[in-house]
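What follows is a set of notes on a single structure, which appears directly below.
In the numbering used here, the protein residues as written are 7 to 82.
Here it is, written out as structure tokens:
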């Protein structure tokens, strides 16, 4: 779990990775945690390298392809 702890930015770090109680249908991952998915997916990349391409849109028609950077995702 070290890689998960170090790869993502946690607002509140997890203490328990997995809990299961199949007899009751109670299954949970990363208990006690809090993270901001938008920060982890976009913001931290835009801060470090705003010109890096985040999304490549391949259109059906030639000439309509588009590349969107992390900076554009964050600021537009």
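By construction, the Cβ of each residue, glycine as well, lies at the ideal position given by its N, Cα and C atoms.
Once the 5 residues before and after residue i are set aside, which same chain residues still bring their CB inside 8 Å of it?
i          : result
residue 16 : 39, 40, 41
Our contact map puts residue i next to residue j with C-beta atoms below 8 Å; I'd like the distance itself, whole angstroms only.
i          : j          : result
residue 14 : residue 25 : Not really, about 19 Å apart at Cβ, beyond 8 Å.
Can you find the residues in the same chain that come closer than 7 Å, C-beta to C-beta, to residue i, ignoring five residues on each side of it along the sequence?
i          : result
residue 20 : 36, 37, 38, 39
Going by DSSP, which residues form a beta bridge with residue i?
i          : result
residue 74 : 61
residue 18 : 40
By Cβ distance below 6 Å, which residues in the same chain neighbour residue i in space, the five residues on each side in sequence not counted?
i          : result
residue 72 : 63
residue 82 : none
Given 8 Å, three or more beta-carbon pairs between the segment 75-82 and the segment 54-61
yes
Could you give the uninterrupted runs of the beta strand (DSSP E) lying entirely in the segment 21-50, keeping only those of 3 residues or more?
Scanning the segment 21-50 for uninterrupted beta strand (DSSP E) segments of 3 residues or longer gives 22-27, 32-37, listed from N- to C-terminal end.
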